[in-house]
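Protein chains in written order, with my numbering: chain A, 565 to 635; chain B, -19 to 668. Here's the structure we're looking at; comments come further down.
Below you can see the structure in the form of structure tokens.
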């Protein structure tokens, strides 16, 4: 399921990111690697999604959140 | 004396800047524009007998070729070869911060890790065995607390020792796994064959980068065979692991890091964000977030005006007194050219601009507070929805806020935007965000024409018009020249921090100092030129029957500036502007503040008896509030200053965009001001 569909308060595990190579590397540098746990902190259905990841808070544009599949 | 160069690397929000400030204090400088590079903040400090030149690299998450800033950081380490790199690490967010550290270590330079904010980390229940971690990673680790100056000397000592020791004996031994190591070896063999490098460590680094599909490194390789090898190896890894090579490599690096952390770090509670999260529940709330943001912006302008006004009056009187004292050295009624140059040209021009320093300082202080506290990232979050509608994303909003201070650093701040289309769009519309120099014009005009209770709202309105136009233009650009999909956007929300006074003071001084420097250089020179233009040639014989005011007007019209202004008048008359404003507009191209300086000069020349009425009273007598508003509107939109054009040209790498920006904005300024003035006159709004 895409990250953008996860309601706030839920914890999920990142499976795959559909993205170009350079962006993928950047996301990896920020900690977005397969298997990492993510807590969805804010997701209002439109606008960016805020996730908690390894003790940091990261906001993802809606388009980005749609490209991340989680479990 | 021994001298070494030390580069500071680190994640955004790792407290790198605070550490840099406590290392170098006031002995730092930011490269200046136009022309000179700015990305490098440098400073010096001493450790025993060693002079340390400290370079603050941009904050990055890794050393890929993702954004211009990452490239700057990477190329600095690779090309300038600093004697030592200190990687500043947010100790309460170890794993992610160590990712960059690993990459720096892989470059094979001497590295020292500064575990910054270590007090916070301890308070939050994170305990680390520094010695063990240091031996696992193979680099010295020093715990520091940047804002309390703890551990900074120890860190310097470790850095100096590491620099003396030279290249480290080993790079961290990351277990990339058999498959990937084989791929590295095969690529390294090819690299050696085509003599790209003979150094084994460099070859390994290049192999890693090539396997990660790093475009920058790949672009330097001319051998087709090598590219083919890389392609094959990437395909092989992808088929084995079912994931791209770069994902697998990143995964292995994180594996190495969490392995090390598991042994050496114990975290009792995860509490880093609790306070921040509570603040965020209010500040970025879906309903209240935006009103809070707008309220904060209003507060910034309100403070700028109310607190800034008394010191502005003191400075005003000071320069008035200075002018009269210097003017008093000559006999009453003297028409000495030197007196006129000093009093009307220099004091009138430079003094007129300096008077606004308190307002500028306050505005810069407010922006520094927003930046240092972590609120900027929240503003980006709040604005993302709006920005999305115009085809940009929230990150573009941060340069726009910086643009409130000065457009030049704001254009440079667009480097954080990854997509070239987004970057150009943001760059081109940025001059529409009123900068500090334009605030000078508004603070002259608004009190001259508008009653007390209207001043702060008026200022706010002008800023909002600018922002609104920026939004519209961005939309227009994104749906025409820069058509294309919006790039996905990711950004960290740092925990809120109390801005330190020292940090804010340094931030503010960086910018206020630039304003002062500009007043002493460009504005001084332009003031003298404009003074000369408004003083020569002199009328030979004046009409003895004319009143002093008529004579003064005749004299001014006869000068070069008067002639240029008169020549311009047919064009600017429909906007409600006379030739005096016309000459000031030309001066404003050098720097927007010159507009104020020139109005000061035009209205003070010919005052034989030194009895000067404040400039605002003269303006009120000469123009209607509608003209006052039109002046602000025109100055808001029109031709950005020379420094802006120069930096746009440099950052966009082409004159085309710089000239497009200049022409487009000037035409838009003309059309809009024309419409406002004509409609205002038609409906009789603000005529007297």
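By construction, the Cβ of each residue, glycine as well, lies at the ideal position given by its N, Cα and C atoms.
| query | result |
| --- | --- |
| Going by Cα to Cα distance, which pick from B:500, B:239, B:612 is closest to residue 420 of chain B? | B:612 |
| Name the residues in the stretch 605 to 621 of chain A whose C-beta lies less than 9 Å from a C-beta of chain B; which are they? | 605, 606, 608, 610, 611, 612, 614, 616, 617, 618, 619, 620, 621 |
| Suppose only complete runs of 3+ residues qualify. What are the beta strand (DSSP E) ranges in the stretch 395 to 476 of chain B, listed by chain order? | 470 to 473 |
| Check residue 224 of chain B in the structure and name its three-state DSSP category. | coil |
| Output yes if chain B places a C-beta closer than 8 Å to the C-beta of residue 583 of chain A; else output no. | yes |
| I need the straight-line Cα distance from residue 724 of chain B to residue 435 of chain B, nearest angstrom please. | No statement about residue 724 of chain B is possible, as the shown extent of chain B runs from -19 to 668 and does not include it. |
| Provide the residue span of the alpha helix (DSSP H) that contains residue 627 of chain A, from first to last. | 626 to 630 |
| Pick out whichever of B:399, B:511, B:492 has its Cα sitting closest to the Cα of residue 463 of chain B. | B:399 |
| Alpha helix (DSSP H) containing residue 347 of chain B: first to last residue? | 337 to 353 |
| Give the DSSP-derived three-state secondary structure of residue 590 of chain B in the structure shown. | No answer about residue 590 of chain B holds up, because its pLDDT of 43 lies below 50 and its placement is not dependable. |
| Classify residue 292 of chain B as helix, strand or coil using the three-state DSSP reduction. | helix |
| Whose CA, out of B:124, B:485, B:287, lies closest to the CA of residue -1 of chain B? | B:124 |
| Do residue 285 of chain B and residue 78 of chain B have their beta-carbon atoms positioned less than 8 Å apart in this structure? | no |
| Write down the C-beta distance between residue 573 of chain B and residue 417 of chain B rounded to the nearest angstrom, noting that I regard them as a contact closer than 8 Å. | 5 Å |
| Between the C-alpha atoms of residue 547 of chain B and residue 621 of chain A, what's the straight-line distance to the nearest angstrom? | 59 Å |
| Tell me, to the nearest whole angstrom, how far the beta carbon of residue 498 of chain B is from that of residue 571 of chain B; I am working on the premise that it is less than 8 Å. | 6 Å |
| To be precise: take each residue of the stretch 373 to 396 of chain B, compare its Cβ to all Cβ atoms of chain A, and keep it if any distance is under 8 Å. Which residues remain? | 373, 374 |
| Identify which residue in B:615, B:111, B:471 has its Cα closest to the Cα of residue 651 of chain B. | B:615 |
| What are the complete beta strand (DSSP E) segments, minimum 3 residues, inside the stretch 70 to 137 of chain B? | 91 to 96, 106 to 108, 121 to 123 |
| At the level of alpha carbons, what is the spacing between residue 274 of chain B and residue 268 of chain B? | 10 Å |
| Determine the burial state of residue 83 of chain B: buried for a count of at least 16 other Cβ atoms within 10 Å of its Cβ, exposed for fewer. | buried |
| Do residue 637 of chain B and residue 404 of chain B have their beta-carbon atoms positioned less than 8 Å apart in this structure? | yes |
| Using a C-beta cutoff of 8 Å, does residue 14 of chain B count as contacting chain A? | Confidence at residue 14 of chain B is low in this model, with a pLDDT of 32, below 50, so the placement of that residue should be treated as unreliable; the coordinate-derived value is given next. It does not: the Cβ of residue 14 of chain B has no partner Cβ on chain A nearer than 8 Å. |
| For residue 510 of chain B, which option in B:481, B:486, B:544 has the closest C-alpha, if you only look at C-alpha atoms? | B:544 |
| To the nearest angstrom, how far is it from the Cα of residue 490 of chain B to the Cα of residue 613 of chain A? | 35 Å |
| By Cβ distance, which residues of its chain are closer than 7 Å to residue 174 of chain B, with the 5 residues on each side in sequence left out? | 203, 206 |
| Establish whether the CB of residue 598 of chain A and some CB of chain B are separated by less than 8 Å. | yes |
| Whose C-beta lies closer than 6 Å to the C-beta of residue 423 of chain B among residues of the same chain, with five residues either side of it excluded? | 336, 339 |
| Residues of chain A with CB under 8 Å from residue 41 of chain B, in chain order? | 590, 593, 594 |
| Express the C-alpha separation of residue 482 of chain B and residue 581 of chain B in angstroms, rounding to a whole number. | 38 Å |
| Taking Cβ-Cβ distances shorter than 8 Å, what residues in chain A pair up with residue 226 of chain B? | 585, 588, 589, 592 |
| For residue 538 of chain B, which residues in the same chain have their Cβ closer than 6 Å to its Cβ, ignoring the five residues on either side in sequence? | 519 |
| Starting from residue 99 of chain B, find everything on chain E with Cβ-Cβ shorter than 8 Å and list it in chain order. | Of the protein chains in this structure, namely A and B, none is chain E. |
| On the three-pair Cβ rule with 8 Å, is the stretch 442 to 455 of chain B touching the stretch 307 to 317 of chain B? | no |
| Any idea what DSSP makes of residue 261 of chain B, helix, strand or coil? | helix |
| If we ignore side chains and look at the alpha-carbon of each, how far apart do residue 610 of chain A and residue 568 of chain A end up? | 9 Å |
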